[in-house]
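What follows is a set of notes on a single structure, which appears directly below.
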Amino acid sequence: MMIAQAEEPWRLLIEPSYEPHDAEWPIPGAERTVLVPARLVDGEISPLKRTEIKDMGVTRKDILAQAIPAASAILKELKPNYIRDANGVIAYAMIQSDSPLTASAVLAPEFPTMFDKKLGPDVIVAIPSRHVIYIFPKLSSISQDMAEEVILEYEASPYPVSRELFSFVNGRFVAVGRYR
490 MMIAQAEEPW RLLIEPSYEP HDAEWPIPGA ERTVLVPARL VDGEISPLKR
540 TEIKDMGVTR KDILAQAIPA ASAILKELKP NYIRDANGVI AYAMIQSDSP
590 LTASAVLAPE FPTMFDKKLG PDVIVAIPSR HVIYIFPKLS SISQDMAEEV
640 ILEYEASPYP VSRELFSFVN GRFVAVGRYR
């Protein structure tokens with residue numbers, strides 16, 4: 490069987506599990522958030538169906554081989570905004586973009602370490618919508634202090650992603666908790 494080569498690389502979306510996705514993969518520890526294989530077709534996100542994946546002879550490994558570098562390419566286009574507290578100390582970072590692929594930037598292998606110098610080696614990530622990522626230092630209470638803002642962002646978004654909180658364990662993207 491010949492493996493189809495996408496003109497545009499395969500993508501992995503981070504999506505709410507309540508959305509009906511024919512093909513989806515679990516995120517370790519997540520109860521309400523999944524990974525969805527997709528393609529970008531004419532600027533629109535097109536989630537893949539299991540039958541399409543099977544008909545194209547594409548495996549999870551094939552999709553990951555393209556989706557992970559594609560996430561890195563997305564991340565390179567994004568610029569974190571560092572928010573400071575009243576004392577001028579960086580409290581957290583926020584990434585916001587019009588791209589519907591913004592949330593998938595967290596899957597880039599370099600994402601967990603890109604905040605080491607400003608937020609510390611361990612971070613908590615909130616992804617309330619496809620277009621917004623919050624990055625908090627793990628050793629701070631700011632992720633809890635920001636709960637209402639993150640929840641409001643989630644509820645107001647036409648493309649909500651998750652109320653769950655994520656982190657990285659041995660480089661793996663995992664869920665570690667959730668907002669109410």
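Residues 490 to 669 in the working numbering are what the sequence shown lists, from first letter to last.
Using N, Cα and C, we set each Cβ at its ideal position, and we do this for glycine too.
Bounding residues of the alpha helix (DSSP H) (the contiguous stretch that carries residue 540): 539 to 545
Would you mind listing the beta strand (DSSP E) stretches within the region 619 to 662 that are 3+ residues and don't spill past its ends, in chain order? 621 to 626, 653 to 658
Can a CB atom of chain D be found closer than 7 Å to the CB of residue 619? Annotation note: the requested chain D is absent from the structure, which comprises a single protein chain.
Please confirm if the region 526 to 539 is in contact with the region 562 to 578, defined as three or more CB-CB distances below 8 Å between the two stretches. no
Assign residue 494 to one of two classes, buried (16 or more other C-beta atoms within 10 Å of its C-beta) or exposed (fewer than that). Confidence at residue 494 is low in this model, with a pLDDT of 47, below 50, so its placement is unreliable and the value that follows should be read with caution. Residue 494 should be labelled exposed.
DSSP three-state call for residue 668: helix, strand or coil? coil
Going by DSSP, name the residue or residues bridged to residue 528. 535
If you reduce the DSSP assignment to three classes, tell me which class residue 500 lands in. strand
Can you tell me which of the three DSSP states residue 602 falls into? helix
In this structure, does DSSP put residue 505 in helix, strand or coil? strand
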